[in-house]
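Chains as they are written, first to last, in this note's numbering: chain A, 1 to 401; chain H, 1 to 462. Virtual Cβ for every residue (Gly too), placed ideally from N, Cα, C. Note that this is a predicted model, so its numbers are computed, not measured. Taking it in order: structure first as structure tokens, then the write-up.
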Ligand SMILES: Cc1cc2nc3c(=O)[nH]c(=O)nc-3n(C[C@H](O)[C@H](O)[C@H](O)COP(=O)(O)O)c2cc1C
């Protein structure tokens with residue numbers, strides 16, 4: 001019998017297949033409309049999924065290093081800021097965690113941190129973030145304040161062979177650090193509203209972060225009082241050693257891409273080794289495996305759709321792909337659960353079609369097969385994934401002093 | 001003769017002493033339910049837009065966090081986007097700094113708010129920058145005072161170019177041919193100057209109103225120039241009738257030079273209000289509120305910011321301090337620059353206090369808790385109407401003194417009277433966008449709406 005696990009979903013445009021927008025079920029003219037995002041989020045929320053990630057990038061071509069990324073006109077183009085999409089979805093959903101993607105190279109870390117704290121306030125404790133390191137040349141040109149940066153993966157394919165990529169990961173680490181420090185900068189009970197003394201604030205319970213890094217410094221406390229979760233759920237996607245180390249050091253949860261269930265063990269041990277070396281957080285890193293799914297009623301129908309999509313624009317992907325019925329997807333989820341992941345993040349090949357199939361067929365079957373953790377009613381996303389609400393680090397310091 | 005339309009904005013109280021947190025009815029200034037209540041009230045009152053101020057560092061006083069007033073607020077863009085989900089008509093305007101943001105990112109965030117709200121976004125572009133605020137940013141406190149409006153102007157130009165770089169009909173999404181975008185869907189935006197080096201392809205489609213409404217809130221000549229070149233609305237502090245009329249004439253008179261007509265720029269000064277069933281009751285209520293807004297400690301702290309000295313030994317109910325202000329290093333931080341001007345007025349303040357026989361607290365009440373409109377709902381409605389009909393303003397940015405219910409009474413009592421006068425809307429019938437509500441000219445589609453460095457590098461020479 002497998003350990004029970006969580007299911008998450010990854011939302012992006014018309015789905016993860018580049019030709020998905022050409023399917024009859026797609027809504028390609030509405031991908032940046034409020035109605036589209038509201039409908040996706042409500043479907044995912046009603047289905048009982050633990051969290052939804054929302055993709056983002058800071059250029060038209062996404063995070064592609066390809067030369068023609070900005071000029072291609074046959075792929076979905078145009079997107080919305082993911083932190084703001086998540087904020088918009090917060091009041092119209094009830095339980096689901098909202099985990100936008102944020103790039104760590106360009107945005108001001110202070111703005112990003114206060115945006116995430118606010119997401120946590122407006123969602124009443126369901127906010128998270130997926131941090132992405134590095135930048136493309138077009139992102140740098142869009143911002144225009146940094147000329148140097150990575151130009152793509154080095155020939156070896158390994159991050160550690162490119163100093164610019166390594167620097168990007170160090171910078172991402174600083175961003176993760178200040179997101180947590182700023183979230184901690186107001187202790188839970190900093191607002192006292194004391195009529196007798198006339199003080200709104202207990203200034204001893206609000207702390208400047210005084211962060212001095214290699215890439216930036218931040219002096220003050222956050223402008224946002226402490227949010228329901230204390231800290232947003234910090235996540236990352238990782239495929240190889242340097243990103244594994246980044247996740248082990250800084251994340252609460254990591255999305256990984258095992259080629260099959262057998263590959264989970266190796267990834268888990270590499271993550272555990274990296275955590276032994278660098279992790280400062282008390283809680284163990286949660287590991288979710290990614291699966292890209294296309295679901296139809298019969299294997300033949302699924303294969304037909306897949307072939308049509310591949311003919312139009314072939315998908316190249318980092319994640320394992322499952323093309324088949326809901327039962328096929330459930331089998332894969334069970335295999336990953338048996339292999340020891342804490343959760344599975346499903347990437348729908350087509351939106352909204354495959355999300356609807358996940359909600360209507362995959363989840364009920366996985367639940368009745370006893371693979372899924374039921375919603376235990378825990379009030380926040382952190383608590384739902386089994387992480388306690390942390391006290392502010394500054395409060396802890398005082399106890400020791 | 002048709003009556004001029006009144007425009008109203010609803011200011012969610014921020015971190016100053018306007019907000020009476022000691023009021024038993026005062027709620028959270030940070031819970032989403034407070035913002036939701038406020039937004040729904042404003043929408044019930046047919047306000048044009050909801051307005052948020054911004055402060056990017058917690059205020060400090062003599063090297064310590066200022067602890068007397070409400071402190072802490074949400075991230076402006078994130079809270080407005082959440083409010084877009086629970087409102088239908090009202091505009092959503094946030095104050096966002098041009099010094100500590102980058103145009104590409106802010107334009108895509110405002111573009112996101114504009115799309116998710118169906119064309120209801122607005123941006124109050126402020127420039128305030130000093131090393132104190134800069135210490136929270138990658139940029140640091142690098143920008144000279146003289147360059148603030150240069151950067152702000154270029155920031156606005158660049159943002160407008162980005163917002164208009166997508167054709168309205170850019171997305172064809174033709175499943176048959178496989179064309180998602182038409183060929184000439186997006187123009188590349190280049191802007192190369194001393195302050196920027198941007199070569200951008202924007203990634204957010206055009207919104208229903210073309211671009212967010214732009215608001216301006218500075219008062220210097222540079223600020224007025226920026227407003228007449230770029231803004232759709234001015235959030236002014238000119239509320240005394242004659243002064244307001246003069247400001248109105250001055251600013252509207254500058255528009256022709258930019259090829260703009262008078263209606264293309266609205267002036268909405270900040271206004272506080274206190275209502276009562278009788279004039280006397282309202283005045284009494286105003287007095288109570290002022291005393292709650294300016295507690296003795298608040299008054300002393302206020303003067304300490306001007307004097308830049310420890311004045312804790314002085315009695316708030318006694319005369320002004322007999323010591324001279326310390327003109328050394330500034331210690332009151334995070335107050336958005338208003339106090340430099342006031343410090344120069346220490347002599348004036350002394351003269352005023354002596355002439356009118358004012359204590360410290362009474363003087364500070366005059367300076368910070370002088371409510372704009374005090375009286376019966378009829379009186380307040382007729383005053384607001386008079387300002388608009390006689391071209392002293394185009395309306396007001398209304399600030400209540402209690403969070404989040406401070407707008408309820410205004411909406412219930414004053415709004416119906418404005419409607420009866422025929423100078424205020426009874427429904428959001430002007431259209432779906434904030435541009436429509438404000439009666440602003442539409443933004444021309446698919447082309448830069450101001451002359452700017454759109455797709456050219458010529459602006460570099462200016
Ligand atoms: C009515 C009003 C409201 C303002 N609100 C803010 C604000 O919320 N945040 C901020 O940083 N600056 C704010 N400012 C500061 C202005 O943006 C500007 O930086 C400052 O007034 C100096 O510009 P000036 O020399 O043109 O007056 C405000 C100014 C005025 C007049």
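Can you tell me where the beta strand (DSSP E) holding residue 216 of chain H begins and where it ends?
For the purposes of this step, residue 216 of chain H is taken as the residue at position 216 of the second chain. Unbroken beta strand (DSSP E) run through residue 216 of chain H: 213-216.
Does residue 64 of chain A have its Cβ less than 8 Å from a Cβ in chain H?
The residue given as residue 64 of chain A occupies position 64 in the first chain. Judged by the 8 Å Cβ criterion, residue 64 of chain A is not in contact with chain H.
**Asked** Given a limit of 9 Å on CB to CB distance, which residues of the segment 87-98 of chain A reach chain H?
**Response** 87, 88, 89, 90, 91 and 92
message = The beta strand (DSSP E) that contains residue 327 of chain A, what's its start and end?
response = Here residue 327 of chain A is taken as the residue at index 327 of the first chain, counted from 1. Run containing residue 327 of chain A: none in the beta strand (DSSP E); it sits in the alpha helix (DSSP H), 326-338.
Between which residues of its own chain and residue 46 of chain A is the CB-CB distance below 8 Å, once the five residues before and five after are set aside? The residue given as residue 46 of chain A occupies position 46 in the first chain. 359.
Cross-chain neighbours of residue 186 of chain A in chain H, by beta carbon under 8 Å: Counting from one through the first chain, the residue named residue 186 of chain A turns up at place 186. The answer, in chain order, is 72.
DSSP state of residue 373 of chain H mapped onto helix, strand, coil: Along the second chain, read from residue 1 onward, the residue named residue 373 of chain H stands at position 373. Residue 373 of chain H: strand per DSSP, three-state reduction.
Please identify, using Cβ separations under 7 Å, the residues of the segment 39-62 of chain H that lie next to chain A, in order along the chain. 55, 56, 57 and 58
Indicate whether residue 374 of chain H and residue 282 of chain H have their beta-carbon atoms separated by less than 8 Å.
-> Walking along the second chain from the start, residue 374 of chain H turns up at place 374. Walking along the second chain from the start, residue 282 of chain H turns up at place 282. Their beta carbons are under 8 Å apart, which means residue 374 of chain H touches residue 282 of chain H by this criterion.
Using the DSSP secondary-structure output, state which residues sit across from residue 49 of chain H in a beta bridge.
Working through the second chain from its first residue, we reach residue 49 of chain H at position 49. H:9 and H:91, per the DSSP bridge assignment.
*Mind reading off the beta-carbon distance from residue 344 of chain A to residue 351 of chain A? Whole number of angstroms is fine, and I expect it under 8 Å.*
Position 344 of the first chain, counted from the first residue, corresponds to residue 344 of chain A. Position 351 of the first chain, counted from the first residue, corresponds to residue 351 of chain A. Their Cβ separation, rounded to whole angstroms, is 18 Å, which puts residue 344 of chain A and residue 351 of chain A out of contact at 8 Å.
Among A:54, A:240 and A:317, whose alpha-carbon lies nearest the alpha-carbon of residue 156 of chain A? The residue you call residue 156 of chain A lines up with position 156 of the first chain. For residue 156 of chain A, the nearest C-alpha among the options comes from A:240.
- Message: Taking 8 Å as the threshold (beta carbon to beta carbon), is residue 64 of chain H in contact with chain A?
- Response: Taking the second chain and counting its residues from 1, one reaches residue 64 of chain H at position 64. Taking Cβ atoms only, chain A reaches closer than 8 Å to residue 64 of chain H, which makes this a yes.
Practice item. Please find out if some non-hydrogen atom of ligand 1 comes closer than 7 Å to the beta-carbon of residue 237 of chain H. Key: Residue 237 of chain H sits at position 237 when you count from the first residue of the second chain. Yes.
If we ignore side chains and look at the alpha-carbon of each, how far apart do residue 419 of chain H and residue 83 of chain H end up?
Translated into positions along the second chain, residue 419 of chain H becomes position 419. Translated into positions along the second chain, residue 83 of chain H becomes position 83. So the two alpha carbons sit approximately 26 Å from each other.
Assess, as a yes-or-no matter, whether the segment 296-305 of chain H is touched by the segment 348-364 of chain H under the definition of 3 or more beta carbon pairs within less than 8 Å.
yes
Quiz item: Can you give, in chain order, each stretch of the alpha helix (DSSP H) that sits fully within the segment 46-109 of chain A and has at least 4 residues?
Solution: 82-89
query = Should the segment 122-136 of chain H be regarded as contacting the segment 48-67 of chain H, the criterion being three or more beta carbon pairs within less than 8 Å?
reply = yes
Give me the Cβ distance between residue 223 of chain A and residue 55 of chain H, rounded to the nearest whole Å; I'm assuming they're in contact under 8 Å. On the first chain, residue 223 of chain A is found 223 positions in, with the first residue counted as 1. On the second chain, residue 55 of chain H is found 55 positions in, with the first residue counted as 1. Yes, residue 223 of chain A and residue 55 of chain H are in contact; Cβ-Cβ is about 6 Å, under 8 Å.
Requested in this report: Using a Cβ cut-off of 7 Å, pull out every chain H residue sitting near residue 198 of chain A, in sequence order please.
Outcome: For the purposes of this step, residue 198 of chain A is identified with residue 198 of the first chain, where counting begins at 1. Chain H residues near residue 198 of chain A: 68, 295 and 297.
Check whether the segment 156-174 of chain A and the segment 212-229 of chain H touch, using three or more Cβ-Cβ pairs below 8 Å as the test.
no
**Item:** Neighbour flag for residue 142 of chain A against chain H, beta carbons, 8 Å
**Value:** Along the first chain, read from residue 1 onward, the residue named residue 142 of chain A stands at position 142. Judged by the 8 Å Cβ criterion, residue 142 of chain A is in contact with chain H.
Ligand 1 and residue 370 of chain H: does the residue's C-beta get closer than 7 Å to at least one heavy atom of that ligand? Taking the first residue of the second chain as 1, we reach residue 370 of chain H at position 370. Outside the cutoff, so no.
> At a Cβ cut of 9 Å, what residues of the segment 302-326 of chain A count as close to chain H, listed as they run along the chain?
Replying inline: 312 and 313
_Any heavy atom of ligand 3 inside 7 Å of the beta-carbon of residue 218 of chain H?_
Here the bound small molecules are ligand 1; ligand 3 is not part of this structure.
9 Å Cβ cut-off: residues of chain H touching residue 223 of chain A: As a working mapping, residue 223 of chain A is identified with position 223 in the first chain. Simply 15, 54, 55, 56, 57, 58, 71, 72, 73, 74, 75 and 136.
Contact under 8 Å by Cβ, residue 250 of chain A with residue 168 of chain A = Position 250 of the first chain, counted from the first residue, corresponds to residue 250 of chain A. Position 168 of the first chain, counted from the first residue, corresponds to residue 168 of chain A. No; because the gap between Cβ atoms is not below 8 Å, this pair is not in contact.
Q. Hey, which unbroken runs of the beta strand (DSSP E) at 3 residues or more fall wholly within the segment 276-322 of chain A?
A. 286-295
- Strand pairing of residue 128 of chain A, partner residues [DSSP]: Reading the first chain from its first residue, position 128 is the one you call residue 128 of chain A. Looking at the DSSP assignment, residue 128 of chain A forms a beta bridge with A:233.
### Task
Note down the Cα distance separating residue 194 of chain A from residue 166 of chain H, rounded to an integer number of angstroms.
Indexing the first chain from 1 puts residue 194 of chain A at position 194. Indexing the second chain from 1 puts residue 166 of chain H at position 166. Approximately 53 Å, taken between the alpha carbons.
Checklist entry - Got a sec, what are the start and stop residues for the beta strand (DSSP E) residue 101 of chain H sits in? => result For the purposes of this step, residue 101 of chain H is taken as the residue at position 101 of the second chain. Unbroken run through residue 101 of chain H: none, as it is neither H nor E.
* To do: Taking 8 Å as the cut-off, decide whether the C-beta atoms of residue 121 of chain A and residue 321 of chain H are in contact.
  => For the purposes of this step, residue 121 of chain A is taken as the residue at position 121 of the first chain. For the purposes of this step, residue 321 of chain H is taken as the residue at position 321 of the second chain. Going by C-beta atoms, residue 121 of chain A is not nearer than 8 Å to residue 321 of chain H.
Item checked: Under 8 Å by beta carbon: chain A residues contacting residue 118 of chain H -> Your numbering for residue 118 of chain H matches position 118 in the second chain. Simply 34.
Kindly indicate which residue of A:126, A:30, A:237 and A:142 has the alpha-carbon position closest to the one of residue 102 of chain A. The residue given as residue 102 of chain A occupies position 102 in the first chain. Of A:126, A:30, A:237 and A:142, the residue nearest in Cα terms is A:237.
Q) Expressed to the nearest angstrom, what Euclidean distance is found between the alpha-carbon atoms of residue 336 of chain H and residue 295 of chain A? A) Counted from its first residue, the second chain places residue 336 of chain H at position 336. Counted from its first residue, the first chain places residue 295 of chain A at position 295. With a pLDDT of 49 at residue 336 of chain H, under the threshold of 50, the modelled position of this residue cannot be trusted; read the value that follows with caution. Their Cα atoms are separated by approximately 56 Å.
Where does residue 295 of chain H fall in DSSP's three states? Working through the second chain from its first residue, we reach residue 295 of chain H at position 295. Correct three-state label for residue 295 of chain H: coil.
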